[in-house]
Every structure is written in C-alpha cells, then in structure tokens.
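So the sequence shown is numbered by my numbering: it starts at 6 and just counts up by one. Ideal Cβ positions, reconstructed from N, Cα and C, are used throughout, including at glycine. Inspection log for the structure reproduced underneath, given as structure tokens.
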Amino acid sequence: EASAAFAVVKAIELSGGKAVAIQADAADTEAVKGAVEKTVATFGRLDVLVNNAGTAIPKTFEETTLDEMDRVIDINVRGTLVATQAALKHMKPGGRIIMIGSSVGERVLVPGLVAYSATKGAVKMFSQGLSREVASRGITVNNVQPGPIDTDLNPAAGDWAVPQKAATALDRYGHVDEVAALVAFVAGPESSYITGANLTVDGGMNA
C-alpha cells in the first residue's frame, strides 16, 4: 500500500537516511525498468536488489485458468528476470542480488500451490545459474526461501493456514521480521562468501 511505503520513507528520513517510494507493477516490464532507473537517478548507485514481488493462486492445478497461471508467471518469474537484468547494468563489485523464493520451490507439502511452486523452482535455478555468471564481477546472488509467513497473501488465520502450520517443525507461522533479518544479513558485508545459496527460513517445514 502507498501509505505504508510512504510511512517507511518518512521513518528513514527522520533517522537521517534517504529514501524514495516507487510504485510499479511487477508484471509490467517497462514499469519495472523505470523503477530501477529512478532508483539509480535518486541515489546515484545501486548496491542491493531484493526481488520481493510475488503472488499465488491457491487452488488446485485443474481449476487454475491460463490467465491465472500467466499472472503468477509474469510476476514471480518474468518480473524477477526483468528487474535483475535492469539492476545488473548498474551494479559494481560488492553488489547483492537477493531473490525471495519459497520453501515450496524445493518441496511441496500442501496441495493447491502447483503453479506457484513451479515459479519458485524457476527462481531457485535462476539464482544458482546467475550466481555463476556474475561472480567474476564480485556480485553475489542468493535465494531466500520463506515457508509459511504471516502476511496479507498468506495470513496465519487464513483458510490454508492449518495444513501449513502443521507441516512446520516449530508448529507456527513465521513473522516477516524473521525473513527480513536473513535478507539484511545476505545484503551485508558478512555474507561476502555466500553466493548461489538457497537459504530457507521455514520453521523446519522442509526438514
């Protein structure tokens, strides 16, 4: 939501930082490219890209329409490819590319996520392949794979929550802060020797 984005910008500015909120549809190629260019124009550089946009259609594969499949692919895969390609034009040694994949990109324990898991599997392999291509430039590429996290897309009190919670070893949904902490680590200097990794934060769902 725009209001939430602007609230984050204000908080960063009040703490002495610089921030900008840019609205773009991840399925719109030109909008994604434009967002990257506006970011570079604002800050003069681009050090970290987090491909966080994603969507899912929680229904059985046979009930999923082609339009719904296209939407999931456009946002989860195509949008990620476009944003990454645009960002790489500006990245220098020490750059970080971070994908937000999913634990179901490796192992699917609940029904209704066939199309979604297929796109996250694609993101996983994209991360691994790209890490080889850009390593010589000093850029790392990693894939953070959340399990069931309490968000608007997958609420802990939602219709699909019970089987997901039961599949975790910790018997609970995760919190966004727990994912953010891992992303912050991967974006920082301490992770300089980590690349091509699939880092799962899923409460033991895939254990």
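Item	Value
Beta carbon of residue 102 nearer than 7 Å to that of residue 85	no
Closest Cα partner of residue 168 within the set 203, 212, 114 and 145	114
Delimiting residues of the beta strand (DSSP E) encompassing residue 104	101-105
Identity of the residues DSSP links to residue 206 by a beta bridge	151
Cβ-based neighbour list, residue 112, same chain, cut-off 6 Å, excluding 5 preceding and 5 following	211
Residues near residue 172 by beta carbon distance below 6 Å, same chain, minus five either side	114 and 210
Segment contact flag, the region 6-22 with the region 61-71, C-beta cutoff 8 Å, min 3 pairs	no
Paired residues, beta bridge with residue 179 - DSSP	154
DSSP state of residue 54 mapped onto helix, strand, coil	strand
Alpha carbon of residue 50 to alpha carbon of residue 77, nearest angstrom	30 Å
Enclosing alpha helix (DSSP H) for residue 198 [first to last residue]	Careful: residue 198 lies outside any alpha helix (DSSP H) and carries neither H nor E.
Within 7 Å, strictly: CB atoms of residue 207 and residue 117	no
Residue 32 and residue 80 closer than 7 Å at C-beta	yes
DSSP-derived helix/strand/coil call for residue 146	strand
Cβ pair residue 184, residue 154 closer than 7 Å	yes
Close beta carbons around residue 192, own chain, < 6 Å, minus the five adjacent residues each side	53 and 101
Exposure of residue 179, with buried meaning 16 or more beta-carbon neighbours within 10 Å	buried
Among 177, 149, 127 and 8, the one whose alpha carbon lies nearest that of residue 162	177
For residue 42 and residue 182, the rounded distance between their alpha carbons	28 Å
Buried versus exposed call for residue 130 [16 or more other C-beta atoms within 10 Å across all chains shown]	exposed
Spatial neighbours of residue 204 in its chain, beta-carbon cut-off 8 Å, leaving aside the 5 residues before and after	147, 148, 149, 150, 187 and 191
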